[in-house]
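>
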Amino acid sequence: MTSRIAWIAFNTFREAVRERVLYNLVFFALLMVSSALLFGGISIGVERLFLINLGLTAISLFGVLIAIFLGIGLVFKEIEKRTLYTMLSRPVRRWEFIVGKFFGLAGTLVVNTFFMAVGFYAALFYLGRTLTAADASLLVAIYFIVLQLLMVTALALLFSTFSSPVLSAVFAFALFIAGSFAEDLRAFAALSEVGSTRWLASAAAYLVPNFSALNVISSVAHGQAVGGALILNNTLYALFYAAAAVFAAILVFEHRNLK
Amino acid sequence: MAAIEISGLEKTYSVGFWRKREVPALRPLHLSVEEGEVFGYLGANGAGKTTTLKLLMGITFPTGGSARILGLDYRDPQVRAQIGFLPEQPYFYDHLTAGELLEYYAQLSGVPAAERKRRVPQMLERVGLPHVGSLPLRKFSKGMMQRVGIAQAVLHDPKVVFLDEPMSGLDPIGRREVRDLMQGLKDEGKTIFFSTHILSDAESLCDRVAVLHRGELRCVEKVGELITAKHDRMEVLWQGDAAPSQDLAALGAECRTTGDQVRAVVPEAKLDAALELLRNHRARLISVTPVRTTLEDYFLERLAGAADPKEVKP
């Protein structure tokens, strides 16, 4: 069972690599090099702040785009191209396929984020000619980005089990944007005086993935430390949310008649 | 023990958006295939052949009925390790090479590492693709893809092999090679269940055939009995003058001229009279052979009177 999931995950990772997904790293590297050179040149004292904001936002954005664009095709493409036929005729259970696919894409994103993080730190080093202990706190923001990517991957995978890639992309992007404003949605619910509005806003706020809690880019850029409790809460929240979405994907896929 | 035992397996699709209506793709099917048998599953396009295979492979779910393969429920993972499947017009992960694909499928089928190392190149050799090396599958021709399909279906040494239109779209050489491969599997004692609408292939390979029409099983027969059943007509072939044709028509013969040759199908009882006529016209006789009942005759006879099949696609 475990080995089958691992093989499926490995094949998904290999497919992503061969489809030249990691080429985005080249764009990221170019962005970091040009930013470091540019900010180093103007040197008005806030170059480090700019670079951290730009670098971390780029890591998040590149990752989310890959998670959505690969995630929405994870199951759909296999059904459409009928590669699933030869897969399901083997001793592979449907849930193993879904879990393997999830880990394959998650692995791709982790590797991708790792290399982007290396590039980001290299740019920081170039700018300041040194790395300080405070720079290590930026890793927390990168870790939260990885958690966010796990949630996006699970959601894209869920949509991929029942919807076309275009619709899945729309759903995933809509949820990503809504989730990025989850805290605002909760604040709105708290301020609402009409009962039904408050109830609906609260329900929506708790249903959409809370990506705003995972966004600490601004805080770490200004040198503010991220507390251990927040790290633990965010970890548990993201893992639970991703697991729930993968579980929902399994439920849908287990009962789906393939074409 | 029957290798495949199908009991009342059926599939109905709901079509339409607002006003759903039920369209039966496969009516309750009862069928049994013995171990070591090569079983042909015949039918026109849309007859329900692929639907049956998809049900047995767990790709779609039946509306009713059940099936057992090698004595176990067809959904049992243990069964999946014992069967091989070639889908119609197969398509595989095109970022992989043929070797990588076979390695991957062998891993999923639980073939141990040492065995995989031995079997993968052996299987590529067997299907005539020993030198494809690092060529990705996206660059493979249709015939090459079909060979890879057969290789992946038998790679893990399954006891029962399901092939959906294995000769579809292949050129004559490719068809011959696939037929030889299937003959090889038959010689190894594997049970083969294959769907086709190319009747000559079924005739040359199958022990028994079933005819499916509009989702309904029409009959199951032994091929040997079908094609040697009756020789009540003779085919006479001669060269030269077509003039005897009119006289032969009076004897109940059907004549057809191709180039300088004439072919006449004569009732066996009138053969002597027909040959006498040809002698009188000094025709150059080429051959006299009994007309065999072919699988095609049988197939068309079984479907005679039936309305044109409507294709049922999910």
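Chains S and L, in that order, are what the protein sequence lines are.
Oh and the first sequence: position 224 is 225 in the working numbering, straight run, nothing missing.
Oh and the second sequence: position 125 is 127 in the working numbering, straight run, nothing missing.
All C-beta atoms, glycine included, are put in the ideal place defined by N, C-alpha and C.
1) Residues of the region 82–101 of chain S with a CB closer than 8 Å to any CB of chain L: list them in chain order, please.
2) Taking 8 Å as the CB-CB limit, is L75 of chain S close to chain L?
3) Counting contacts by CB-CB distance shorter than 8 Å, is L158 of chain S in contact with chain L?
4) Going by the DSSP bridge assignment, what does F41 of chain L pair with across the sheet?
5) Chain L beta carbons: is any one of them nearer than 8 Å to that of L71 of chain S?
6) Grab the span of the alpha helix (DSSP H) containing G10 of chain L for me, first residue to last.
7) Name the chain L residues that come within less than 8 Å of W8 of chain S, Cβ to Cβ?
8) Roughly how many angstroms lie between the CA atoms of L233 of chain S and V247 of chain S, to the nearest whole one?
9) Below 9 Å between beta carbons is the criterion; list the residues of the region 101–121 of chain S that meet it against any residue of chain L, in chain order.
10) To be precise: take each residue of the region 17–43 of chain S, compare its Cβ to all Cβ atoms of chain L, and keep it if any distance is under 8 Å. Which residues remain?
11) Between which two residues does the beta strand (DSSP E) containing F317 of chain L stretch?
12) Measure the C-alpha to C-alpha separation of A271 of chain L and L302 of chain L and round it to an integer number of angstroms.
13) Can you grab the Cα-Cα spacing for the pair D78 of chain L / T62 of chain L, in whole Å?
14) Enumerate, from N- to C-terminal direction, the unbroken beta strand (DSSP E) stretches of 3 or more residues contained entirely within the region 256–289 of chain L.
15) Taking Cβ positions only, does G73 of chain L come closer than 8 Å to chain S?
16) From this set, S:F174, S:Y242, S:A190, S:S35, which residue's C-alpha is nearest A68 of chain S's C-alpha?
17) Can you give the Cα-Cα distance for F116 of chain S and Y43 of chain L, rounded to whole angstroms?
18) Within a Cβ cutoff of 8 Å, which residues of the same chain sit near G112 of chain L, ignoring the five residues on either side of it in sequence?
19) Is the beta carbon of G129 of chain S sitting closer than 8 Å to the one on R19 of chain S?
20) Any beta carbon of chain B sitting closer than 8 Å to that of Y93 of chain L?
21) Taking 7 Å as the cut-off, is the beta-carbon of T53 of chain L closer than that to any non-hydrogen atom of the ligand NAP?
22) Identify, in the order they occur along the chain, each residue of the same chain with its Cβ nearer than 6 Å to the Cβ of L165 of chain L, setting aside the five sequence neighbours on each side.
23) Counting pairs of Cβ atoms below 8 Å between the region 135–149 of chain S and the region 212–220 of chain S, do you hit three or more?
24) Might you give, ordered along the chain, the residues of its own chain that have their beta carbon closer than 6 Å to the beta carbon of A230 of chain S, omitting 5 neighbours on each side?
25) Report the option in L:K141, L:F41, L:Q241 whose CA atom is closest to the CA atom of D262 of chain L.
26) Could you please tell me which residues of the region 42–75 of chain L, in chain order, have their CB closer than 8 Å to any CB of chain S?
27) Sort L:A115, L:L219, L:P123, L:P132 by Cα distance to A49 of chain L and report the nearest one.
28) With H, G and I counted as helix, E and B as strand and the rest as coil, what does DSSP make of G180 of chain S?
29) Within 8 Å of any Cβ in chain L, is that where the Cβ of L50 of chain S sits?
30) Please state the DSSP three-state secondary structure of V111 of chain S.
31) Y207 of chain S to F103 of chain S, Cα distance in whole Å?
32) Using a Cβ-Cβ distance cut-off of 8 Å, determine whether Q148 of chain L contacts chain S.
33) Comparing alpha-carbon positions, which option in S:G72, S:L52, S:Y24, S:T3 lies nearest S164 of chain S?
34) Taking a contact to mean a Cβ-Cβ separation below 8 Å, would you say N14 of chain S touches T109 of chain S in this structure?
35) Nearest to G186 of chain L by CA position, among L:L58, L:E90, L:M125, is which residue?
36) From what residue to what residue does the beta strand (DSSP E) around E237 of chain L run?
In this structure, then:
1) K82, R83, T84, L85, Y86, T87, M88, L89, S90, R91, P92, V93, R94
2) no
3) no
4) L:F195, L:R210
5) no
6) G10 of chain L -> not in any alpha helix (DSSP H); beta strand (DSSP E) instead, spanning 4–17.
7) Y106, Q109, L110
8) 21 Å
9) none
10) R19, E20
11) Limits of chain L in this structure are 3 at one end and 316 at the other, which puts residue 317 of chain L out of reach.
12) 25 Å
13) 15 Å
14) 256–260, 263–269
15) no
16) S:F174
17) 54 Å
18) A83, H158
19) no
20) Judged by its chain identifiers, the structure shown contains no chain B, and its protein chains are S and L.
21) Looking for the ligand NAP in the displayed structure turns up nothing, as the structure carries no ligands at all.
22) L88, F196
23) yes
24) none
25) L:Q241
26) K56, M59, G60, I61, T62, F63
27) L:L219
28) helix
29) no
30) helix
31) 23 Å
32) no
33) S:G72
34) Before going on, a small fix: residue 14 of chain S reads as Phe here, not Asn. Yes. Within cutoff.
35) L:M125
36) 235–241
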